[in-house]
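Residue numbers (our numbering): 134 to 357.
The next block holds one structure in the form of structure tokens; read it before the comments.
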Amino acid sequence: MFGTIKMAPQEEVDSFDYLPGQFHFIKLYRGKNLPVEEHPFTISSSPTQQGILASTIKTSGDFTTTIQYTMPGDLARVQGPFGRFCYLLHPQKRDMVFIAGGVGITPLMSMLRYMQDAGEDRRVLLFYVNKTRRDIIFHDELHEIEKAGSLNLEVIYVLSRPDTDWGGEIGYLNGKKIQRYCGNGLADKEFYLCGPQQMMRQLIPDLRNLGVPESQIHFEKFFL
């Protein structure tokens, strides 16, 4: 289960300054029976979305199960932004390969939204790994971005527990599948990975073994 919290600054704050792909700490002040705790969440909105700061959150623990009870008008304290997982910090004009596992799509979605608004002309290949079709976040929006053609984006979905009518990739993502879509020019691309530790432990060595320089492998680990 997933939900998106959208926050607007108080009047005395002009805007939120952040890079696509960064994260922040959020403390929510809601009903008296709901916990007041500070937790880190990735920013899923784009800096181009003026006046709105959004985080898309997966229900995976005691606190996140209460996200559904957050109501319009509740208050939030935000600290940040933090992190350096952003393609703008690596200005080489190489094509990019994004690899997301589950909710690890959120920082990459922030980047894709920003790229679309900024008129980015590089090719982006996104591998999006999930267990089932129901676990895919942002499916409709990703389809619309592909269809619009304003960003040169191709999305490859990989499911480990697909339905019988699934026509996409099946199983787990590995170096062989990546090379099948990228060809032999892997060393000419920038790779951005975000997902569970198990996925990262598999894919980062695979990319190194395929000749991708260490400096072109950028990652953010999600501890799920």
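We treat Cβ as the ideally placed atom computed from N, Cα and C, and that holds for glycine.
- The beta carbon of S179 lies closer than 7 Å to those of P153, S243, R246, Y247 and D250 in the same chain, with the five residues before and after it left out.
- The C-beta separation of L286 from V257 comes to about 5 Å, placing the pair in contact by the 8 Å criterion.
- Between L186 and the set F149, E253 and W299, the nearest pair of CA atoms involves F149.
- By the Cβ rule, the segment 203-212 counts as touching the segment 134-144, because three or more pairs are nearer than 8 Å.
- Taking all protein chains in view, the Cβ of V169 is surrounded by fewer than 16 other Cβ atoms within 10 Å, so the residue is classified as exposed.
- Around the beta-carbon of I303, fewer than 16 other beta-carbon atoms lie within 10 Å, marking it exposed.
- Between the alpha carbons of P173 and D298 lies a distance of about 37 Å.
- When DSSP states are grouped into helix, strand and coil, T198 belongs to the helix group.
- Distance from the Cα of F324 is smallest, within the candidate group R267, A281 and F260, for F260.
- For K309, the enclosing alpha helix (DSSP H) has its first and last residue at G308 to C315.
- DSSP, reduced to helix, strand and coil, places L343 outside both helices and strands of the structure shown, so it counts as coil.
- Residues Y261, N263 and Y290 of the same chain have their beta carbon placed closer than 8 Å to that of I269, with the five preceding and five following residues left out of the count.
- Scanning the segment 236-284 for uninterrupted beta strand (DSSP E) segments of 3 residues or longer gives 257-263, listed from N- to C-terminal end.
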